[in-house]
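Structure first, then comments.
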Amino acid sequence: MLDCAIIGGGPAGLTAGLYTTRGGLDNVIMYEKGLPGGQITMSSEIENYPGVTGHITGMDLMIPWPEQCQKFGLKHEMAEVSRISRREDGIFLVHKSDGTSEEAKSVIVCTGSTPKRAGFTGEDTFFGRGVSTCATCDGFFYKNKEVAVIGGGDTALEEALYLAKICTKVYLIHRRDGFRAAPNTIARVKASENIELVLNAVPEEVFGGAMGVDGIRVKLQDGSIRQIDVPGVFTFVGHNVNNQVLIQEDGSFLCEMTPWGEVKVDLNMKTSIPGLFAAGDLRESAPKQVVCAAGDGAVAALQAIAYVDGHQL
Ligand code: FAD
Ligand code: NAP
Numbered sequence: 018m019l020d021c022a023i024i025g026g027g028p029a030g031l032t033a034g035l036y037t038t039r040g041g042l043d044n045v046i047m048y049e050k051g052l053p054g055g056q057i058t059m060s061s062e063i064e065n066y067p068g069v070t071g072h073i074t075g076m077d078l079m080i081p082w083p084e085q086c087q088k089f090g091l092k093h094e095m096a097e098v099s100r101i102s103r104r105e106d107g108i109f110l111v112h113k114s115d116g117t118s119e120e121a122k123s124v125i126v127c128t129g130s131t132p133k134r135a136g137f138t139g140e141d142t143f144f145g146r147g148v149s150t151c152a153t154c155d156g157f158f159y160k161n162k163e164v165a166v167i168g169g170g171d172t173a174l175e176e177a178l179y180l181a182k183i184c185t186k187v188y189l190i191h192r193r194d195g196f197r198a199a200p201n202t203i204a205r206v207k208a209s210e211n212i213e214l215v216l217n218a219v220p221e222e223v224f225g226g227a228m229g230v231d232g233i234r235v236k237l238q239d240g241s242i243r244q245i246d247v248p249g250v251f252t253f254v255g256h257n258v259n260n261q262v263l264i265q266e267d268g269s270f271l272c273e274m275t276p277w278g279e280v281k282v283d284l285n286m287k288t289s290i291p292g293l294f295a296a297g298d299l300r301e302s303a304p305k306q307v308v309c310a311a312g313d314g315a316v317a318a319l320q321a322i323a324y325v326d327g328h329q330l
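The following block contains the structure:
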């Protein structure tokens, strides 16, 4: 039986793997359906991971992480987990997509979340080269430049406010004239001097060349097309939380979730189920940053060690 099963091999899962094994758990497997590293490996540049300077890609950042964990005994299995269940005796079962399963005393779920795509022409072509889903990650690249933000929810408006502090101007493009965001956030956006609202505007196409994005074309309510020349386009049209492994056979979740499908945790990354922890982008209020996911993984691992040892921290 495993002391701990870690589901997902991004920054949260790899850090959980490092801390559980180095902290004394003997039998720990990290299940990762692809190559370890997580979604940051898609980023062409990361400049906000502390202590790492110079031009470095997300892949460069993550390459040494698995080796460091394996040195302390973390086992990596390239397998997709389909479901986590818990028996009445408190032992977890890790069900894999190949039909086999493994018993575990504790589980740390680190399966992340995936930003949704808006679906306009050029979005995929220019993703990472001018189209972004992360203002904290990429906003600085547009310091003193103009950018466009797409979306009308809390995330879009909050990120537009964040970008407005860095950029000279933010075009907030929304397909309706009513926002989903909280009223006080809407008021702050409307009061911002360098946010222009582009409403009833459906993104049609992001265009550019070898150097990246040159602008975006949106279709207005009267059918006309407006071209906005910007080097950066940020889309915030919602997230898919990768919570499928927590869905039980009867359709319920194994632990308590927020209405948006994120895992509810306390400050120790404990879920509502003893022995089950969640870390990284899939937990509630996640800042969706590598450094935070790694921190979560360390916290969850320390708690898992205490749980397996039979005492609570
Ligand atoms: P993830 O990195 O999403 O890792 C989850 C892992 O779980 C994945 O590898 C996935 O394959 C695996 N998995 C999922 N389901 C299963 C399953 N059922 N079975 C087995 N494995 C599974 N953050 C920054 O701090 N700075 C940046 O500059 C930055 N730039 C970014 C640029 C891009 C393009 C993107 C997409 C993200 C960026 N981020 C950045 C955000 C950062 O990548 C995430 O916050 C971080 O990776 C979250 O880590 P995680 O471990 O929680 O999840
Ligand atoms: P969201 O509330 O689902 O909003 C997504 C926005 O994107 C909507 O305005 C939607 O337009 C627009 N959109 C969706 N698909 C689109 C497409 N293909 N093209 C153009 N626009 C598209 O997502 P979110 O803002 O990420 O928020 C998710 C949840 O987290 C929400 O419940 C939110 O309240 C919560 N949240 C809370 C806070 C906070 O409390 N501080 C912060 C962030 C998020 P329509 O409105 O027309 O559908």
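For the sequence shown, the numbering used here begins at 18 and goes up steadily by one. Glycine is no exception: its CB is placed at the ideal position from the N, C-alpha and C atoms.
In the structure shown, Cys86 adopts helical secondary structure according to DSSP, grouped into three states. Its Cα nearest to that of Asn201, the residue Leu174 stands out among Leu174, Tyr188, Thr38 and Leu284.
If you keep only unbroken beta strand (DSSP E) runs of at least 3 residues inside the region 64-135, you get 92-95, 98-103, 109-113, 118-126 and 130-132. Pairing Met47 with Ile23 gives a Cβ-Cβ distance under 7 Å. Shown here for Gly292: same chain residues with a beta carbon closer than 6 Å to its own, the five before and five after excluded, namely Ser123 and Tyr324 in chain order.
Under the DSSP definition of a beta bridge, Lys287 partners with Phe294.
With contacts defined by Cβ atoms closer than 7 Å, Ala321 and Thr32 do not form a contacting pair.
In this chain, the alpha helix (DSSP H) harbouring Val308 covers Val307 to Val325.
Excluding five sequence positions before and after Ser289, the CB atoms of its chain that fall closer than 8 Å to its own CB belong to Cys272, Glu273 and Lys281, given in chain order. Going by DSSP, Thr38 is part of the alpha helix (DSSP H) stretching over Pro28 to Arg39. If you check the CB distance, Gly55 and Pro83 do not come in under 7 Å. When secondary structure is reduced to three states using DSSP, Glu140 falls in the coil class, being assigned neither helix nor strand. Note on geometry: alpha-carbon atoms of Pro132 and Val254 lie some 8 Å from one another.
For Glu213, same chain residues with a beta-carbon under 6 Å away, outside a window of 5 residues either side, are Tyr188 in chain order. Rounded to the nearest whole angstrom, the CA to CA distance from Phe270 to Trp277 is 13 Å. Minimum Cα-Cα distance from Phe251 among the listed residues Asn259, Leu78 and Phe143 corresponds to Phe143. Note that the C-beta distance between Leu19 and Ala96 is not below 7 Å.
Only buried fits Ile167, as 16 or more other CB atoms lie within 10 angstroms of its CB. In the DSSP assignment, the residues bridged to Val166 are Leu189 and Phe251.
Shortest Cα-Cα distance from Phe158 to any of Asp106, Thr37, Thr117 and Asn65 involves Asn65. With a cutoff of 6 Å, Arg192 counts as near the ligand NAP, since its C-beta is closer than that to a heavy atom of the ligand. For Arg205, the enclosing alpha helix (DSSP H) has its first and last residue at Pro200 to Ala208.
In terms of Cβ geometry, Gly30 and Cys154 do not form a close pair [threshold 7 Å]. In this structure, the alpha-carbon of Cys21 lies about 17 Å from that of Lys50.
In this structure, Ala152 places its C-beta atom within 7 Å of the C-beta atom of Glu176.
Relative to the ligand FAD, the beta carbon of Pro83 is positioned no closer than 6 Å to any heavy atom. Closest by C-alpha distance to Lys236, out of Arg192, Pro67, Asn260 and Ser209, is Arg192.
Per DSSP, Glu301 lies in no alpha helix (DSSP H) and is assigned neither H nor E.
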